[in-house]
Amino acid sequence: MARPANWANRQNKPNRPDGGMLWLLAVAALAVASCAKMGQPDGGWYDETPPRIVRTTPEDQGVNVKGKKINIYFDEYIKVDNPTEKVVISPPQIEQAEVVASGKKIVVELKDSLRPNTTYTVDFSDAITDNNEGNPLGNYTYTFSTGDHIDTMEVAGYVLNAQNLEPIKGILVGLYDNLSDTAFTKEPMLRVSRTDSRGKFIIKGIAPGDYRIYALQDADNNYVFSQKSEQIAFTHDIITPSFKPDVRQDTVWRDSLHIDSIARVSYTHFLPDDIMLRAFTEVQTNRYLIKTERTEPDHFTLFFSYGDSLLPVVKGLNFDERDAFLTEATEKRDTITYWLRDTMLVNQDTLRMELKYMATDTLGVLRMQTDTMDILAKEPYEKRLKRMADEYKEWKKKQDRAKKRGKEYETEMPGKGLEPKYDVASEPDPDKNIIITLPTPLASVDTSRIHLYSKHDTLWYNSPFVLRPKPGAHRTYELLGEWRPGIEYSLEVDTMAFVDIYGKASPPNKQGFKVKTEDAYATILFDLVGLADTTVVVQLLNSQDAVVKETVTTNGRAEFFYINPETYYARLFIDSNKNGVWDTGEYAADRQAETTYYYPEKIECKAKWDLTLTWNPNGRSLNLQKPMEITKQKPEKEKTIKRRNQERAEKLGIPYPGQR
Numbered sequence: 001m002a003r004p005a006n007w008a009n010r011q012n013k014p015n016r017p018d019g020g021m022l023w024l025l026a027v028a029a030l031a032v033a034s035c036a037k038m039g040q041p042d043g044g045w046y047d048e049t050p051p052r053i054v055r056t057t058p059e060d061q062g063v064n065v066k067g068k069k070i071n072i073y074f075d076e077y078i079k080v081d082n083p084t085e086k087v088v089i090s091p092p093q094i095e096q097a098e099v100v101a102s103g104k105k106i107v108v109e110l111k112d113s114l115r116p117n118t119t120y121t122v123d124f125s126d127a128i129t130d131n132n133e134g135n136p137l138g139n140y141t142y143t144f145s146t147g148d149h150i151d152t153m154e155v156a157g158y159v160l161n162a163q164n165l166e167p168i169k170g171i172l173v174g175l176y177d178n179l180s181d182t183a184f185t186k187e188p189m190l191r192v193s194r195t196d197s198r199g200k201f202i203i204k205g206i207a208p209g210d211y212r213i214y215a216l217q218d219a220d221n222n223y224v225f226s227q228k229s230e231q232i233a234f235t236h237d238i239i240t241p242s243f244k245p246d247v248r249q250d251t252v253w254r255d256s257l258h259i260d261s262i263a264r265v266s267y268t269h270f271l272p273d274d275i276m277l278r279a280f281t282e283v284q285t286n287r288y289l290i291k292t293e294r295t296e297p298d299h300f301t302l303f304f305s306y307g308d309s310l311l312p313v314v315k316g317l318n319f320d321e322r323d324a325f326l327t328e329a330t331e332k333r334d335t336i337t338y339w340l341r342d343t344m345l346v347n348q349d350t351l352r353m354e355l356k357y358m359a360t361d362t363l364g365v366l367r368m369q370t371d372t373m374d375i376l377a378k379e380p381y382e383k384r385l386k387r388m389a390d391e392y393k394e395w396k397k398k399q400d401r402a403k404k405r406g407k408e409y410e411t412e413m414p415g416k417g418l419e420p421k422y423d424v425a426s427e428p429d430p431d432k433n434i435i436i437t438l439p440t441p442l443a444s445v446d447t448s449r450i451h452l453y454s455k456h457d458t459l460w461y462n463s464p465f466v467l468r469p470k471p472g473a474h475r476t477y478e479l480l481g482e483w484r485p486g487i488e489y490s491l492e493v494d495t496m497a498f499v500d501i502y503g504k505a506s507p508p509n510k511q512g513f514k515v516k517t518e519d520a521y522a523t524i525l526f527d528l529v530g531l532a533d534t535t536v537v538v539q540l541l542n543s544q545d546a547v548v549k550e551t552v553t554t555n556g557r558a559e560f561f562y563i564n565p566e567t568y569y570a571r572l573f574i575d576s577n578k579n580g581v582w583d584t585g586e587y588a589a590d591r592q593a594e595t596t597y598y599y600p601e602k603i604e605c606k607a608k609w610d611l612t613l614t615w616n617p618n619g620r621s622l623n624l625q626k627p628m629e630i631t632k633q634k635p636e637k638e639k640t641i642k643r644r645n646q647e648r649a650e651k652l653g654i655p656y657p658g659q660r
């Protein structure tokens, strides 16, 4: 077994071993044999040397190249990891090139015809590793030209999700020398790259000139924005590659904790290297019927890909559709639920109907479409009857047993009533209202049967409230009260406060709760730099990047009260159309997605704290704003064999041979 040179430092011993020493030597020999086995923690050091290129044909950086087959030879056996995703060729190849690793060689065979006087780059990124330890070659790019010179310009930047600033991995980024807006939808990209796990891209082999830049999640591999479902990013900035001589500092590490030296290294700095692209997916406006569903016998639902101002027209073929439905449509009118008013229809297993609705034709134009369909109940009527009969038998047995034992029993099986869900916390926040959700549409609400009491000292008093439908939520009501911190309340609902369209009434309900005191909360105030006259939606986020609270402001100050002591994060977006929600972009309309920013630090809140924070949305580059704790697309760790050797040395308590 291979050992470091200083592995076996021993105390001085006599040259001639005695019997005890012979026994120790035998044990040592067994230990050495054991170390030779695979998987032992004190095996030999991992090979840290990445594969080395010994030659290429045609020559790397070669000019006047005519052949389409490239051979790259190495000094050891190698492999190429996921070439279809990691290896990017510019100009982009419409017919995918073959990239094959064989022994100590990589063969790249281009299928498209070569363009004259063009620089070609084959960017392997970190796909090339040695066959044994997986040592990466590094970001290797092979370059050749079909003309008499090599274009060497580069541009770089980042692609982020426009809504949440998540880095987007693996999206195409491409340049056009055609500066027309229509090029992105009609011509393949001129030069391309893919983003890494940080959302970073570098496009190489660029000729001097002016360019437009785009990002594209290319679903059909044609390097053209041809489907509205493809994620895209664009900017009107003209990209003009340039370079300058520069100096960077390279850190040489003695080990994982100590710096050996810092060297100043001269290099060519290509610009621009800070292009920021915000990617979005357009709203899918093509309209078609996705599916129909009747999970419960009393209603069915139509699901469309997109909404329309005209609701579908239903004509019953085995029933009379006149006054047969109570209709509920979502805000976008893409999901429509039809509640059956008549119990005869509820008990009918099959509803055969003619459905007329607006749908997109093959030319993208909305036209009236007519379908004939059967909508089946998930549970047939006979099966429901059997289930109800079984339930009655179980109830009857239970009552008979109670009667024999002389206990109280029921003479009539109670029917199933209406069962509202009351969302009432035992210790609610002062700014949270009570939410009441009903399982079926209501015929009536009697607020005289709803009572709210508040306790002051030892006495209970009537407390005013308002019951109203919750906007955007069907069969959902908000009960608004004067929720005072530290006060105890009682919500008491009498029988028949709610009655649905089938005549089912709600049972009585009583719930007590006490509003938390103000001492249990924190307050957060944001002073937003440069946004005093802008409509902004500011959102407080939890550790899952989900919205906890939000507020709209136009004066550059956002206020959050009654904040529970926790760790929070914050995000804002410029509400350009003042509708209160984040809106995506549209390329044909030349409209970017609404701009999002993150507060770059986590916010620790404790009870009784009042925090006033200054937030400059443009204080950091967008790719540096979102805190890593809530970033889901984490940067991939570089494969480092040296780190594995250092960890092995630390585990064994011996010096690492690579240390100085």
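Residue numbering for the sequence shown follows the numbering used here, starting at 1 and increasing by one per position. Every residue gets a Cβ at the ideal spot worked out from N, C-alpha and C, and that includes glycine.
Using the Cα positions of residue i and residue j, report the straight-line distance between them to the nearest angstrom.
i, j, result
"valine 446", "leucine 480", "Looking at the sequence shown, residue 446 is not valine but aspartate. Each residue's Cα considered, the two are about 16 Å apart."
"asparagine 616", "asparagine 164", "17 Å"
"serine 125", "valine 252", "23 Å"
"aspartate 298", "lysine 291", "18 Å"
"methionine 38", "valine 80", "Any reading at methionine 38 must be qualified, since the residue scores a pLDDT of 40, below 50, and its modelled position is unreliable; the value itself is stated next. If I take the Cα positions, the gap works out to 25 Å."
"leucine 350", "aspartate 374", "The identity of residue 350 in the sequence shown is threonine, whereas the question assumes leucine. So the alpha carbons of these two residues sit roughly 6 Å apart."
"arginine 591", "threonine 554", "22 Å"
"isoleucine 524", "proline 167", "28 Å"
"aspartate 75", "tyrosine 140", "16 Å"
"leucine 385", "alanine 377", "14 Å"
"arginine 620", "alanine 183", "32 Å"
"methionine 496", "proline 441", "14 Å"
"aspartate 371", "alanine 359", "11 Å"
"proline 208", "glycine 364", "40 Å"
"isoleucine 563", "tyrosine 521", "5 Å"
"aspartate 610", "valine 548", "18 Å"
"glycine 134", "threonine 534", "52 Å"
"threonine 343", "alanine 324", "10 Å"
"tyrosine 477", "proline 439", "12 Å"
"glutamine 217", "proline 83", "17 Å"
"tyrosine 288", "glutamate 331", "17 Å"
"arginine 191", "leucine 622", "25 Å"
Taking 7 Å as the limit between beta carbons, can you name the residues of its chain near residue i, skipping five residues before and five after?
i, result
"arginine 264", "Val247 and Gln249"
"asparagine 117", "Thr146 and Gly147"
"serine 266", "Pro245 and Val247"
"glutamate 408", "Ala402"
"lysine 396", "none"
Residues in the same chain with beta-carbon distance under 6 Å from residue i, minus the five sequence neighbours each way, listed in chain order, please.
i, result
"threonine 281", "Gln231"
"isoleucine 487", "Ser454 and Val515"
"phenylalanine 300", "Arg294, Tyr338 and Ile375"
"valine 100", "Val107"
"leucine 531", "Gly556"
Which residue's Cα is closest to the Cα of residue i: the options?
i, options, result
"leucine 172", "Lys470, Ala279 and Asn135", "Ala279"
"cysteine 605", "Leu541, Glu550 and Ala589", "Leu541"
"valine 65", "Thr119, Glu95, Ser90 and Pro50", "Thr119"
"leucine 311", "Gln625, Leu355 and Asp60", "Leu355"
"isoleucine 150", "Ile574, Val63, Ile239 and Pro485", "Val63"
"tyrosine 489", "Glu482, Asn71 and Gly512", "Gly512"
"isoleucine 202", "Asp123, Ser180, Arg449 and Asn221", "Asp123"
"leucine 528", "Thr612, Trp582, Asn509 and Lys104", "Thr612"
"phenylalanine 144", "Asp60, Glu328, Asp181 and Gln544", "Asp60"
"arginine 475", "Val499, Lys578 and Phe270", "Val499"
"serine 426", "Leu491, Ala329 and Tyr223", "Leu491"
"tyrosine 214", "Tyr587, Asn618 and Pro600", "Tyr587"
"leucine 326", "Thr335, Tyr77, Val87 and Leu340", "Leu340"
"arginine 55", "Lys416, Ser576 and Ile72", "Ile72"
Tell me, to the nearest whole angstrom, how far the beta carbon of residue i is from that of residue j; I am working on the premise that it is less than 8 Å.
i, j, result
"proline 272", "methionine 153", "Their Cβ separation, rounded to whole angstroms, is 11 Å, which puts proline 272 and methionine 153 out of contact at 8 Å."
"leucine 160", "glycine 199", "6 Å"
"glutamine 369", "tyrosine 357", "6 Å"
"aspartate 519", "lysine 608", "6 Å"
"serine 444", "leucine 452", "Actually they are not in contact, since the Cβ atoms of serine 444 and leucine 452 sit about 20 Å apart, beyond 8 Å."
"isoleucine 89", "alanine 97", "6 Å"
Leaving out the 5 sequence neighbours to the left and right, which residues in its chain are closer than 8 Å to residue i when beta-carbon positions are compared?
i, result
"lysine 602", "Thr567, Tyr568, Tyr569, Pro627 and Glu629"
"lysine 634", "Ser197 and Met628"
"glutamate 321", "Val314, Lys315 and Met353"
Requested in this report: Would you list, in sequence order, the uninterrupted beta strand (DSSP E) runs of no fewer than 3 residues that lie entirely inside the region 311 to 349?
Outcome: Taking only runs of at least 3 residues, the beta strand (DSSP E) segments lying wholly in the region 311 to 349 are 313 to 316, 325 to 329 and 335 to 340.
Query raised in the report: Whole alpha helix (DSSP H) runs in the region 345 to 408 with 4 or more residues, listed along the chain?
Result: Residue ranges of uninterrupted alpha helix (DSSP H) with 4 or more members, entirely inside the region 345 to 408 and ordered along the chain, are 381 to 404.
Query raised in the report: Can you list, in chain order, the stretches of the alpha helix (DSSP H) that have 4 or more residues and sit fully within the region 572 to 633?
Result: Positions of the alpha helix (DSSP H) runs, each at least 4 residues long and wholly inside the region 572 to 633, cannot be given because no such run exists.
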